[in-house]
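Residues 1079 to 1583 (the working numbering) are what the sequence shown spells out, left to right.
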Amino acid sequence: MTASGAVRGFVDDDVHVWRSIPYAAAPTGDLRFRSPQRPEPWDGVRDCTKFGSIAPQGTLTNLPIESDLEPGEDCLWLNVWSTGVDDTARPVLVWIHGGGYCIGSSAQAVYDGRNLATVGDAVIVTINYRLGALGFLDLSSLSTDEHVFESNLGLRDQISALEWVRDNIAEFGGDPGNVTVFGQSSGAGSITTLMVSPRAAGLFHRAIAQSPPATSVYGAERAIGVAHRFLEILELTPDRVGELCALPIDRVIAASDQLVDEVPAKTPGTLAMAPVVDGDIVPGYPVAAFRKGLSHRIPLIIGTNEDEASLFRLIRSAMMPVTPGAVNEMLKGIAADHPDASHEKLAEIISSYPDISKAKAALAISRDAGFRMPSLWIAEAHSRHSPTWLYRFDQATPMLKAARVGATHATDLPYVFGNFGTINFDPTFWLGGRKTAMEVSGRIQRRWLAFATHGVPAAIDGSKHWPPYEETKRLTLIIDSTDTVTSDPDRELRETWGDRVMGFS
């Protein structure tokens, strides 16, 4: 039973499953660019055994989405896996999926929560939220007395979903006082942003951020420019902005797609749509807020993959610069956004990467600017007042190593959920390595679940002890075929980049 009405799920191998429980009303018509509203109550029992519509999205990112998942604006729903519907208060883990703020869904097979729930006797929740122009295009500067547009709608959706968890999860066997948010890529970036959002305070008690692009949060000036370009693509003038709520959704998504492709091509290292500093949901730049001690006082696990950028070269995506030319343009853009920064410092950073004109160095700079350094800056700052653990995911199967892909962006996902082989023509185990991968997956799952249950990622199976991160030793867990703990493994990188947060504004 939820606050809106009764729901019917099903049982899968002793795990209770509910799909597509609405946590908000369909954001259609006048609600298209507004904050999520409570769903209308229903009579009787709502069937929640099948996935509903996923968030409207384009196809320009070349990322695999199951072909049977249909997009539609009535997409604000969540899924629940629970090992028992009784009086036991189980730890709750809420997953926020990634996809560059423009693609993805909680209905993707890799995010099926049954295995994870079973290992930890836990409740797993996966949520949808609005994407692309519908979720992360800030049109608030175009608001009129007649037509009001709000900022950071995707984040507002996530907050609404977390409020649903707080108010309803006890009915599904979960403990509303023990909620861990975990996510990857833009899902992790959402988490690091929510960790400095006053509106999200108290809605979660622990956080796990896997490969967060934490500096991909932009200011109002950049947001205004993108909003006006969006209108240009749709051949609308600002005095016709009210028509956006009535346009066919396909036209909106086509314009969003064009921006997704156009913006990073013009300004490498930036995303078309991402969280925006609005003084409300996002009061300031998140990494800077962490550095000022303004993050919520909760335990945090944060980390990155060793070869983050190689995925974007493989799928030929402009979302991340991977060629020497694009990386050079990214560095010029960062320098322009930080005119008071020392040119000597930027030169020092560039010179620390040998063979800057070659692809390997370009991939390394892109990885470090987009993922590694933001995570290190956050870990260092957050550890000053709250328990923090830092990791680096190095595990890669023989096939991924042979293909020069390595432990790239998103290869950690099947390890966390224990779901391998969820995409067609998956080459992961073509040269073996399944046994090792399953062992690594088991260790990660047990650590993540122990953290959600007790606030400490201590696997009780004899796995390597993982000490908290702190500024004297900077102990870091290297996740590979065998886990190791290393002191300050990225020391040279960290010292070269320094303490100053470098990103686009």
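We put the CB at the ideal spot given by N, CA and C, even for glycine.
It should be emphasised that the depicted structure is a prediction, and the values quoted were computed from it without experimental measurement.
The closest CA to that of residue 1259, considering only 1570, 1370, 1533 and 1550, is found on 1533. A direct Cα-to-Cα measurement between residue 1257 and residue 1166 gives close to 15 Å. For the options 1347, 1396, 1400 and 1292, the alpha carbon positioned closest to that of residue 1363 is the one of 1292. Ranked by Cα distance from residue 1288, the options 1110, 1467, 1514 and 1229 are led by 1467.
Setting aside the 5 residues that flank it on each side, residue 1159 is surrounded in the same chain by 1093, 1095, 1191, 1192, 1195 and 1202, each with a C-beta closer than 6 Å to its C-beta; the list follows chain order. Residue pairing by DSSP places residue 1505 opposite no residue, since no beta bridge is assigned to it. Assignment of beta strand (DSSP E) within the stretch 1284 to 1323, counting only whole runs of 3 or more residues, yields 1284 to 1288 in chain order. Here the stretch 1436 to 1445 makes contact with the stretch 1377 to 1393; the two share three or more CB pairs at distances below 8 Å. In this structure residue 1310 is exposed. Its beta-carbon is surrounded by fewer than 16 other beta-carbon atoms within 10 angstroms. Residue 1217 and residue 1357 have their C-alpha atoms spaced approximately 15 Å apart. Straight-line spacing of the CA atoms in residue 1211 and residue 1321 works out to 15 Å. In terms of Cα proximity to residue 1279, the closest of 1294, 1325, 1237 and 1307 is 1237.
By the criterion of a C-beta distance shorter than 6 Å, residue 1407 is surrounded in its chain by 1346, once the five residues flanking it on both sides are discounted. Listed in chain order, the beta strand (DSSP E) runs fully inside the stretch 1380 to 1442 amount to none, counting runs of at least 3 residues. Annotation: residue 1397 to residue 1178 spans about 8 Å, alpha carbon to alpha carbon. Residue 1250 places its beta carbon less than 8 Å from that of residue 1163.
In this chain, the alpha helix (DSSP H) harbouring residue 1493 covers 1491 to 1495.
Residue pairing of residue 1466 in beta bridges, as defined by DSSP: 1378. Annotated as distal: residue 1352 and residue 1274, with beta-carbon spacing of 8 Å or more.
If you draw a 10 Å sphere on the C-beta of residue 1459, you find 16 or more other C-beta atoms in it, and that means buried.
Under the criterion of beta carbons closer than 8 Å, residue 1208 and residue 1133 qualify as touching, at roughly 6 Å. Annotation note: the stretch 1089 to 1115 contains the following uninterrupted beta strand (DSSP E) runs of length 3 or greater, listed N- to C-terminal: 1093 to 1100. Residue 1151 and residue 1079 have their C-alpha atoms spaced approximately 25 Å apart.
The three-state reading of DSSP puts residue 1350 in coil, since its state is none of H, G, I, E or B. In the three-state DSSP reduction, residue 1121 falls in the coil class, being neither helix nor strand.
Given a length threshold of 3 residues, each whole run of the beta strand (DSSP E) inside the stretch 1515 to 1564 is given here in chain order: 1553 to 1557. Residue range 1327 to 1344 is occupied by the alpha helix (DSSP H) that includes residue 1343. In the DSSP secondary-structure assignment, residue 1252 is bridged to 1168. Closest in alpha carbon position to residue 1100, among 1180, 1235 and 1361, is 1235. The residue from 1516, 1374 and 1380 with its alpha-carbon nearest to that of residue 1544 is 1380.
Rounded to whole angstroms, the gap between the alpha carbons of residue 1580 and residue 1539 is 40 Å. Within the same chain, and ignoring the five residues on either side of residue 1121 in sequence, the residues whose Cβ sits closer than 8 Å to its Cβ are 1083. Residue 1446 sits buried, since 16 or more C-beta atoms from the chains shown fall within 10 Å of its C-beta.
Rounded to the nearest angstrom, the gap between the Cα atoms of residue 1405 and residue 1556 is 27 Å.
Partner residues in the beta bridge of residue 1201, as assigned by DSSP, are 1160 and 1170.
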